[in-house]
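Enquirer: Residue numbers (the working numbering): 38 to 609.
All residues carry an ideal CB built from backbone N, CA and C; glycine is no exception.
(1) Does DSSP put residue 468 in a helix, in a strand, or in coil?
(2) Measuring alpha carbon to alpha carbon, tell me which residue in 319, 421, 220 is nearest residue 231.
(3) Tell me, please, which residues DSSP counts as bridged to residue 178.
(4) Note down, in chain order, each residue of its chain lying with its Cβ closer than 6 Å to the Cβ of residue 222, except the 5 sequence neighbours on either side.
(5) Does the beta carbon of residue 98 fall short of 6 Å from some heavy atom of the ligand PLP?
(6) Could you check how far apart the C-beta atoms of residue 316 and residue 310 are, in whole angstroms? I think they sit under 8 Å.
(7) Starting from residue 544, trace the alpha helix (DSSP H) in both directions and tell me its first and last residue.
(8) For residue 201, count neighbouring Cβ atoms within 10 angstroms of its own Cβ and tell me buried if that reaches 16, exposed if not.
(9) From this set, 53, 427, 283, 440, which residue's C-alpha is nearest residue 313's C-alpha?
(10) Classify residue 383: buried if its beta carbon has 16 or more other beta carbons within 10 angstroms, exposed otherwise.
(11) Could you tell me whether the Cβ atoms of residue 456 and residue 468 are closer together than 7 Å?
(12) With a Cβ-Cβ cutoff of 7 Å, do residue 378 and residue 370 count as a contact?
(13) Taking the alpha-carbon of residue 546 as reference, which of 529, 526, 517 has the nearest alpha-carbon?
(14) Can you check whether the CB of residue 96 is closer than 7 Å to the CB of residue 112?
(15) DSSP beta-bridge partners for residue 198?
(16) What residue range does the alpha helix (DSSP H) around residue 255 cover?
(17) If you scan the segment 80 to 144 from start to end, which runs of the beta strand (DSSP E) of 3 or more residues do you find wholly inside it?
(18) Just to confirm my understanding: we take residue 334, look at its own chain, exclude 5 residues before and 5 after, and list those with CB closer than 6 Å. What are they?
(19) Return the CA-CA distance between residue 130 and residue 207, expressed in angstroms with no decimal places.
(20) Run the CB neighbour count on residue 263, radius 10 Å, all protein chains shown included, and call it buried at 16 or more, exposed below.
(21) Buried or exposed, going by whether 16 or more other CB atoms sit within 10 Å of the CB of residue 5?
(22) Residues in the same chain with beta-carbon distance under 8 Å from residue 409, minus the five sequence neighbours each way, listed in chain order, please.
(23) Report the option in 548, 541, 290, 107 whose CA atom is closest to the CA atom of residue 156.
(24) Closest to residue 391 by C-alpha separation, out of 363, 452, 552, 588, would be which residue?
(25) Exposed or buried, which one is residue 425 when buried takes at least 16 other CB atoms within 10 Å?
(26) Would you kindly check if the distance between the Cβ of residue 227 and the Cβ of residue 176 is under 7 Å?
(27) Per DSSP, what kind of secondary structure is residue 47 in: helix, strand or coil?
(28) What did DSSP end up calling residue 237 once you bin it into helix, strand or coil?
(29) Taking the beta strand (DSSP E) that residue 413 belongs to, which residues open and close that run?
(30) Taking C-alpha atoms, which residue in 531, 512, 459, 443 lies nearest to residue 48?
(31) For residue 329, which residues in the same chain have their Cβ closer than 8 Å to its Cβ, ignoring the five residues on either side in sequence?
(32) On the CB-based measure, 16 or more other CB atoms within 10 Å of its CB, does residue 251 come out buried or exposed?
(33) Can you name the residues that DSSP bridges to residue 450?
(34) Can you list, in chain order, the residues of its chain with a C-beta nearer than 8 Å to that of residue 298? Leave out the 5 residues immediately preceding and following it.
(35) Sort 276, 229, 101, 303 by Cα distance to residue 209 and report the nearest one.
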């Protein structure tokens, strides 16, 4: 499938629309494609046993010779995290700024991937071409250095793909949004604006990183014992703020978590954070008094394998928290992570650790634009077409209303997989392509809808029953069926029911006619029905019932009978 008419300028999102994260967008023209971002998201309880979720790229994988290049707008996991897992299936050039390149090189090295000369480093403001598209990065502020909007030019007009952005006059690390460049781009006439929708429901502005620094300095200084600060590893301005706040309070700062250390390494490699005070060695934490210690930990979203979750569970080899210590969550909860994160909060509080979040204190500002900032972007760009992305359904719908109120002629609501014709003619959805989610399972990519996860969900929610039954070649039950149950009902109650269940199974099987009893599949269905009926569970409770059938041939039965006669004690 090629995706449609090669003469039309088309936008095809494969992820990132109707959701937060998993950003991947295709722009198509003349049978060639440009991909913008390739991100991941984190698994929730609908995918037990999984950690990360990736976009299904089967549409473009099947025609990867048409993919001219991949542009990375910035170095957040939801925009580049899927690259080391999925890029080997694409093997196209990657265009990004120096900091994103430093992050990607480390990811490629970890994955054992040789990207060769396919990593193309582009400085903000420089022009570059990908297939039929002329491109330029325009600097925007976000919670990571070198975030960019992508200015796209082609024969049909100009499109601005904002990526993630905000307006912050004092971002601390990196430079402010280049309003002059955006306004100049708008003055030349813009066909379409493909824009971040995350905070469209929030009035006003997102706030300044400089204000958070002042607040955190005061907050850390007021704590009597150990302080833990957790935030996104890529939020370098927040990491710098935390380190500055720790040293201002006379504390030694320690970084706990591999991804955070690697982000700091990448930042220093390209010239950021050059003048920070030295960081401590984890091995020295235990030797310092509690009021002299501050820890910067990964795990602001409650990730099970991150440093903070291991510390809270008492499983970290070098870090221990005690009653009276404080943990500051300097990050917003990503939608979908609430339960996991609240479980972590509760575990910390139960152990006597104070938990401070943005609900208690001014410890976070968003990296995404609120309504006043969005209105400013529309005043600069003045597009004919507005395409909200990077948000859930409620955000996209509100963004459509905002664009319409601001005079945009064609605000268009789309979903993942929609083929949106931007030009020529009126913007409209003209088809769709397959999309979905895949999960990294060991070294394989498994569809998120695979039976593997359905079975895991059922096991975790409803439990499992194992039945082993021995039949002769005629279908007669030769011994009492063996039954075990896990997570279904109270074990003591099950023990009281076991004999009755076994008798019911035997009766049900022996009631089958001569033909049916020789069909293992039919016998398994009867046994499963007998177990569920015998357990007398509520309708919504459906444990997984596994039935193992062993059939003894006449020869095997004779051998067993001979052994019994010899007094070996072997029972049928």
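Expert: So, to answer that:
(1) strand
(2) Closest by alpha carbon: 421.
(3) Looking at the DSSP output, residue 178 sits in a beta bridge with 203.
(4) 188
(5) No copy of the ligand PLP occurs in the structure displayed, which carries no ligand at all.
(6) Going by Cβ atoms, the distance from residue 316 to residue 310 rounds to 11 Å, so no, they are not a contact pair.
(7) 528 to 547
(8) buried
(9) 283
(10) Counting other Cβ atoms within 10 Å of its Cβ, residue 383 stays below 16 and is therefore classed as exposed.
(11) yes
(12) yes
(13) 517
(14) Judged by beta-carbon spacing, residue 96 lies beyond the 7 Å limit of residue 112, meaning their Cβ atoms are not closer than that value.
(15) 187, 231
(16) 246 to 258
(17) 89 to 92, 104 to 108, 131 to 133
(18) 265, 267, 293, 294, 344, 345
(19) 34 Å
(20) buried
(21) Here the chain covers residues 38 to 609 and nothing more, so residue 5 does not appear.
(22) 240, 241, 242
(23) 107
(24) 363
(25) buried
(26) no
(27) strand
(28) Judged by DSSP in its simplified three-state form, residue 237 adopts coil rather than helix or strand.
(29) No beta strand (DSSP E) holds residue 413; the alpha helix (DSSP H) holding it covers 408 to 418.
(30) 459
(31) 287, 288, 289
(32) exposed
(33) When DSSP reads this structure, residue 450 sits in no beta bridge, so it has no partner.
(34) 292
(35) 276
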